[in-house]
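Enquirer: For any residue, its number in the numbering used here is found by taking its place in the sequence shown, counting from 1, and adding 7. Even glycine gets a Cβ: it sits at the ideal position worked out from N, Cα and C. Please find one structure pasted underneath; my questions will follow.
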Amino acid sequence: MKGSHVMGALARSSSVWALAVAAALPGVALAQTSGQSTTESPTNAQPADGTPVGQDPAPGADDIVVTGVRASLDRAIAIKRDSPGVVDAISAEDIGKFPDTNLAESLQRITGVSINRVNGEGSQVAVRGFSGGFNLVTINGRQLPATNIDTSGGNLFARGAGRSFDFQNIASEGVSGLEVYKTGRAAVPTGGIGATINIDTRKPLDSRETGVTGSIGAKALYDTSVEKSEDTKHRVTPELSGLLNYRNEEGTFGAAVFGSYQLRYSASAQSNPNYWNVIPTADFFNPGTFINSQTVIDGTRPTAPYVLVPNDSRYQFSENRRERINFQGVLQFKPTDNLEFTVDSLFAQNRLRESRSEQTNWFNRPFSEVRFDDNPNMATAIFLRDYLPTSPKDEGFEQQQAATKARLGSVGLNAKWEFASNLTLTVDGHHSVSTSSPDNPNGTTATTVALGAPVIQGHSLDFSTGFPQQAQVINDCYRATPGATPKGNCNGVLDIGDLGSAPARTIISRQTQRIDQIQARLGWDLGGGSRFDVGGSYTDSKMHSTQTQTQQTLGDWGLQNPGIIQQLAPELVSQYCLTCKFDHFNPASEGASLIAFRGNAIDLYNVLSPYYTQRGAPPAPSAPADDTVQEKIWSVFGQFTWNGEVAGKAANLVIGARYEQTRVVSDAVQTYNNIVWTADNDFRGDASGVFTAIRQRGSYENLLPSVDFSIEPITNVKARVSFSRTLARPDYGNLFATASAGAPGRPTALGGIPTGSTGNANLLPLLSDNFDVSLEWYYKPSSFVSVGFFDKRVANFLGTGIVNQNLFGLRDPSSGAAGSRSGTAAAFLRANNYDLSDVNLFTYSALLVQNGGNQAAATTQFNANYVAGRGLQQTFVDQILSQVDISSDANDPLFNFSVSQPINNREGKIHGFELAWTNFFGDTGFGFAGSFTKVSGDVNVDPYADPTVNIFALTGLGNSANATGIYEKNGISARIAYNWRDKYLAATNQGGNRNPLFVAPFGTLDVNISYDVNDQIAVTLEGINLTSESVRTYGRTERNLVFAQELKPRFLLGARYKF
């Protein structure tokens, strides 16, 4: 079956081959001239041969080097103009000076490229609508390993399973250029459907000066967000870099060393409601779970088939630390004019830490009051109220600390031998390892300790403005019965004396990828600017991902120990106003809503965990995850390059094909969780302790043809047409052999759906047939206008196959099935006209467990604690929560999991156009550069799609634009740049219910000013995100807020000395 892809590729591309050959042959016959160079043009060099595109050969000592913004743009324009196919580039302005402090933020100035940010810094890129893992990143033509465990924004359970390269890891000062290959090329490594992005680093023999040269730079970073921090001592942090280069006079030996150290502190206010439920309207208005006879329905009842209701509302405040260290070392030896050796090494380390505190109010349904908007497709609950005069509930203040350490190390050797006047052999090999590991002091990736105060008598949530606004009433003197201990400290205010503890968690996530790669290439100069290249490569990649978790109940969700924090750790928790941290978003807080608490999660864990362990409640581990995916890729290619004339017009043709064979082995050490019902809608997974080794295999082979043709129909106008087939491999998470069983979001008797998943190592890569056509006018120096159209027909998109089945023989304690404890509880509630709610169902089921199945005793306790019209006493509920967890027994039916597996069952069409314009106004020093990219396709998402049907859509698809004003003259260089990315889809199943996740449009205004004091010294001032643009993500409608984060400007003042 896999071999059919090769035959299909040949058949579908035969007409393209025929057209290309027909165009090439008359051109060869009519247009080759003997006066053309007999060596390979530098602009035709490929990353695979170690010569970056557009890089000049080693110059002589008398060459004049032009630096600065305009010179950088000139080099980028030359690369774009002279390269076959569609290639865009960014070049360093000078030694040790790249246009931006972040590589991703530089890339966003290229047409078709947009980025996502983590804490305001560029992290990953999307090209022509294809994000993250759909793009391949190489350094000097070598495929790099990529690991990333992104826990930012509360994503604490993140696991390393992707292929996306994180540009935060690489310091821009050590980079000489970036190239973005938007069309496929036989000689370019595969893996990028959107683009292949090559990072060039400096080579000592490329220096235009002999002897020792280099630069030293220092910057002071001031991130204005730290003014919001509770600890503002880190207002200014250092960024240091240095580059030292040596080239001997003969040009036979060179050495270069680069190093950098960069530290940043930042802070941000956030909101992150936990999950939007998609509920059939009829179910919502059926009295029992969500409403009862006393619920006030404001306004008109929705007519939409579904309503959208949040689980809770959460505010967060984060304080972040980022420390980045880079090192590069290069040795070059050229004993003869036709033999050159290069040995290089790279080390990058990026340490990220986030301390985060939450302020959370959840809903104890049925609601007391509810109001919906008038959306006819899916109505959103824009106002909700809980009123609990006889049974206060808790407000949550979870403390979190996440920390990761990413490391990248690479050692490589390149040999280039021109063993005949027209034959050159290049061999390149490297060993590279990337790791992402825990970096918390206690060895975890994330540690959380939930605190709470059980004093909320009533609270409301208003989403009508698009941002959650909470109001609450406290009662810290409530007693369940006269003479009982109050739930708080009874002083009338919310303070540390009201705090108890709820469950604590630890998460340990690791990801490692190792790549060993060897490439060989033979170039045959045919004369007249034409050449033929053949080559091959072998890549051995091994990725290992693990995760372990623990949960410790502490005071449990019922907060049985108010005052325990003041008793055990009063110095570890402080009171502050979280909602006061917001500037852009308006939480409209007052009264008790202005009070929150913060503390170091690890310090709290170190105090509370041993205390409860000694009292018989140790941490309980869940089933660990352990997956390894190994890919072995063999490839060969052939590529013919022709330069000449067609009808008297300069033309270029590059035609080639690449054949690849890939073998995949996926191994897992599998265990499973016994699912325990711990509270109304909470479940816990307890590791079974049974381990099994699982192996899956897969393989595929592909033929990838490519044709690039360009011609200058009139002077300074270049027309291009390109065809190529490219591929992108599935994320590792889709290849995992592990099967997992997940708990339902609520009891299955009330509609909860238990989900499961398994990977598929036999997945095929995504294949894209790409067609590009463009027209470029280079109408004067440093200026051009271009317009391009692209079309991509993509096969083997991943869809999801769903099958309902049991996993591991697990039984369901919440089914409501006749004869089970939950079934008995459901029958009792219905028979006595009690609300069939999560709380009531769990409590009665727990009473049956507590009383050994004695229904009469359970009924007596339940009735004694039930207040007509109000429901169960919350104090009684909390007591039961702390005393009983419900494990399954033989009377419970088997879980019926909705098990998903990725499959290749989708196709898509993506098309769009790109516009770019760069212009300088003569010798005035003023100029501008701008671009716009429009991307469309049949892979968009319907936000109101049926929540029971899987969504197929391409994440990352969206329009982008940028505009830069430039001034450079008399030693002054200045840029002011605006970069904009339109709304795009980030996920297709956020939190369940197949909810799409959208990122709202985002635009930043940046400025960069440099002044050359003399030929050696320059001072710089940079401002990033001057308008304090915030990040916002949402679900099916813009009112379904998922995440909002305020970001602030940051400024860098620096100086650079060049010698």
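Measuring alpha carbon to alpha carbon, tell me which residue in Pro-475, Thr-472, Leu-501, Val-285 is nearest Cys-484.
Expert: As a position in the sequence shown, residue 484 is number 477, starting the count at 1. For the residues Pro-475, Thr-472, Leu-501, Val-285, the minimum Cα distance to Cys-484 belongs to Leu-501.
Enquirer: Enumerate, from N- to C-terminal direction, the unbroken beta strand (DSSP E) stretches of 3 or more residues contained entirely within the stretch 673-718.
Expert: Qualifying beta strand (DSSP E) stretches, in chain order: 680-686, 689-694.
Enquirer: Expressed to the nearest angstrom, what Euclidean distance is found between the alpha-carbon atoms of Ser-1035 and Arg-363?
Expert: In the sequence shown, counting from the first residue as 1, residue 1035 sits at position 1028. In the sequence shown, counting from the first residue as 1, residue 363 sits at position 356. C-alpha separation (whole angstroms): 21 Å.
Enquirer: Is it buried or exposed for Ser-300, if we count other Cβ within 10 angstroms and need 16 for buried?
Expert: Numbered from its first residue, the sequence shown carries residue 300 at position 293. With fewer than 16 other Cβ atoms within 10 Å, it is exposed.
Enquirer: Whole angstroms are fine: how far does the CA of Phe-404 sit from the CA of Ala-603?
Expert: Stepping through the sequence shown from its first residue, residue 603 is reached at position 596. Stepping through the sequence shown from its first residue, residue 404 is reached at position 397. Rounded to the nearest angstrom, the two C-alpha atoms are 7 Å apart.
Enquirer: Spatial neighbours of Phe-291 within its chain, please: C-beta separation below 6 Å, excluding the five flanking residues on both sides.
Expert: Counting from 1 along the sequence shown, the entry for residue 291 is found at position 284. Around Phe-291: Phe-297, Val-314.
Enquirer: Return the chain-ordered list of same chain residues with a C-beta closer than 6 Å to the C-beta of Leu-843, the five sequence neighbours on each side being excluded.
Expert: Translated into positions along the sequence shown, residue 843 becomes position 836. Excluding residues within five positions, the ones whose Cβ falls inside 6 Å are Gly-295, Leu-836.
Enquirer: Which term fits Val-956, buried or exposed, when burial requires 16 or more other beta carbons within 10 angstroms of its beta carbon?
Expert: By 1-based counting over the sequence shown, the position of residue 956 is 949. By the neighbour-count rule (16 or more Cβ atoms within 10 Å), Val-956 is not buried but exposed.
Enquirer: Using C-beta distances below 6 Å, list every residue in its chain close to Ser-444, excluding the 5 sequence neighbours before and after it, in chain order.
Expert: Along the sequence shown, read from residue 1 onward, the residue named residue 444 stands at position 437. The residues are Lys-412, Arg-517.
Enquirer: From Lys-976 to Thr-931, what distance separates their C-alpha atoms?
Expert: Residue 976 sits at position 969 when you count from the first residue of the sequence shown. Residue 931 sits at position 924 when you count from the first residue of the sequence shown. When rounded, the distance between both Cα atoms is 8 Å.
Enquirer: Using 8 Å as the threshold, is the stretch 728-745 in touch with the stretch 196-207, meaning 3 or more CB pairs across them?
Expert: They touch, by the three-pair rule.
Enquirer: Return the CA-CA distance between Val-76 and Thr-217, expressed in angstroms with no decimal places.
Expert: For the purposes of this step, residue 76 is taken as residue 69 along the sequence shown, with counting starting at 1. For the purposes of this step, residue 217 is taken as residue 210 along the sequence shown, with counting starting at 1. So the two alpha carbons sit approximately 25 Å from each other.
Enquirer: Answer with buried or exposed for Ser-179, where buried requires no fewer than 16 other C-beta atoms within 10 angstroms of its C-beta.
Expert: Here the question's residue 179 lines up with position 172 in the sequence shown. The residue is buried, with at least 16 neighbouring Cβ atoms inside 10 Å.
Enquirer: Keeping to the same chain, check which residues put their C-beta closer than 6 Å to that of Lys-1055; ignore five residues upstream and five downstream.
Expert: As a first step, residue 1055 is located in the sequence shown; it is residue number 1048 there, counting from the start. Correct list, in chain order: Thr-231, Ser-232, Ser-1035.
Enquirer: Beta-carbon within less than 6 Å of Gly-740's beta-carbon, same chain only, minus the 5 sequence neighbours each way: which residues are those?
Expert: Numbered from its first residue, the sequence shown carries residue 740 at position 733. Counting only Cβ-Cβ distances below 6 Å, and skipping sequence neighbours, we find Ala-168.
Enquirer: Run through DSSP, which three-state label would Gly-10 get?
Expert: Residue numbering aside, residue 10 sits at position 3 when the sequence shown is read from its first letter. Residue placement at Gly-10 cannot be trusted, given a pLDDT of 44 that sits under 50; what the coordinates show is reported in the next sentence. In this structure, Gly-10 counts as coil in the three-state DSSP scheme.
Enquirer: Identify whether Ser-889 lies in helix, strand or coil by the three-state DSSP scheme.
Expert: In the sequence shown, the residue the question calls residue 889 occupies position 882. The answer is helix: DSSP assigns Ser-889 an H, G or I state.
Enquirer: Leaving out five residues on either side along the sequence, give the residues of the same chain with a beta carbon under 6 Å from the beta carbon of Ile-332.
Expert: Indexing the sequence shown from 1 puts residue 332 at position 325. Excluding sequence neighbours, Ile-332 sits near Tyr-268, Gln-356.
Enquirer: Is it the case that the Cβ atoms of Gly-915 and Val-946 are separated by a distance below 8 Å?
Expert: On the sequence shown, position 908 is the one that residue 915 refers to. On the sequence shown, position 939 is the one that residue 946 refers to. Yes, they are a contact pair.
Enquirer: Any beta-carbon of chain D closer than 8 Å to the one on Ala-658?
Expert: Going by chain labels, chain D is absent from the structure shown, which holds only one protein chain.
Enquirer: Leaving aside the five residues before and after Arg-727 along the sequence, list all residues of the same chain whose C-beta is less than 6 Å from its C-beta, in chain order.
Expert: Here residue 727 is taken as the residue at index 720 of the sequence shown, counted from 1. So the list reads Ser-717, Ser-781, once near-sequence residues are dropped.
Enquirer: Hey, would you say Arg-985 sits closer than 8 Å to Asn-996, going by beta carbons?
Expert: Stepping through the sequence shown from its first residue, residue 985 is reached at position 978. Stepping through the sequence shown from its first residue, residue 996 is reached at position 989. Correcting the residue type first, residue 985 is Tyr in the shown sequence and not Arg. No; because the gap between Cβ atoms is not below 8 Å, this pair is not in contact.
Enquirer: Would you kindly work out how many angstroms separate the C-alpha atoms of Val-643 and Leu-774, rounded to a whole number?
Expert: Here residue 643 corresponds to residue number 636 of the sequence shown, with the count starting at 1. Here residue 774 corresponds to residue number 767 of the sequence shown, with the count starting at 1. One C-alpha to the other measures close to 18 Å.
Enquirer: At which residues does the beta strand (DSSP E) containing Tyr-1 begin and terminate?
Expert: In this structure the chain extends from 8 to 1066, so residue 1 is not present and cannot be described.
Enquirer: Which ranges does the beta strand (DSSP E) cover as unbroken runs of at least 3 residues, wholly within the stretch 234-261, from first to last along the chain?
Expert: Correct list: 243-254.
Enquirer: Determine, using beta-carbon pairs with one atom in the stretch 260-276 and one in the stretch 232-249, whether at least three such pairs fall under 8 Å.
Expert: Yes: the two stretches touch, three or more of their Cβ pairs being nearer than 8 Å.
Enquirer: Reducing DSSP to helix, strand and coil, say where Tyr-619 ends up.
Expert: Counted from its first residue, the sequence shown places residue 619 at position 612. The answer is helix: DSSP assigns Tyr-619 an H, G or I state.
Enquirer: Under a three-way DSSP split, which group does Thr-1044 fall into?
Expert: Numbered from 1 along the sequence shown, position 1037 holds the residue referred to as residue 1044. Coil, per DSSP.
Enquirer: Lys-87 to Tyr-229, Cα distance in whole Å?
Expert: Locating residue 87 in the sequence shown gives position 80, where the first residue counts as 1. Locating residue 229 in the sequence shown gives position 222, where the first residue counts as 1. Each residue's alpha carbon lies about 36 Å from the other.
Enquirer: Could you spell out where the beta strand (DSSP E) holding Phe-348 opens and where it closes?
Expert: Translated into positions along the sequence shown, residue 348 becomes position 341. Counting along the chain, the beta strand (DSSP E) containing Phe-348 begins and ends at 346-369.
Enquirer: Just to confirm my understanding: we take Glu-597, look at its own chain, exclude 5 residues before and 5 after, and list those with CB closer than 8 Å. What are they?
Expert: For the purposes of this step, residue 597 is identified with residue 590 of the sequence shown, where counting begins at 1. These residues qualify, in order along the chain: Ala-478.
Enquirer: Counting pairs of Cβ atoms below 8 Å between the stretch 653-669 and the stretch 565-573, do you hit three or more?
Expert: Segments in contact, no.
Enquirer: At what residues does the beta strand (DSSP E) containing Ser-544 begin and finish?
Expert: Your numbering for residue 544 matches position 537 in the sequence shown. Counting along the chain, the beta strand (DSSP E) containing Ser-544 begins and ends at 537-559.
Enquirer: In three-state terms, what does DSSP make of Val-846?
Expert: The sequence position of residue 846 within the sequence shown is 839, counting from 1. Here Val-846 sits in helix by DSSP.
Enquirer: Classify Gln-464 as buried or exposed, calling it buried when 16 or more other Cβ atoms lie within 10 Å of its own Cβ.
Expert: Within the sequence shown, numbered from 1, the residue matching residue 464 stands at position 457. Answer is buried; the Cβ neighbour count reaches 16.
Enquirer: Count the C-beta pairs between the stretch 849-856 and the stretch 451-466 that are closer than 8 Å, then say yes if the count reaches three, no if not.
Expert: With a cut-off of 8 Å, the stretch 451-466 and the stretch 849-856 do not count as touching, because too few Cβ pairs lie within range.
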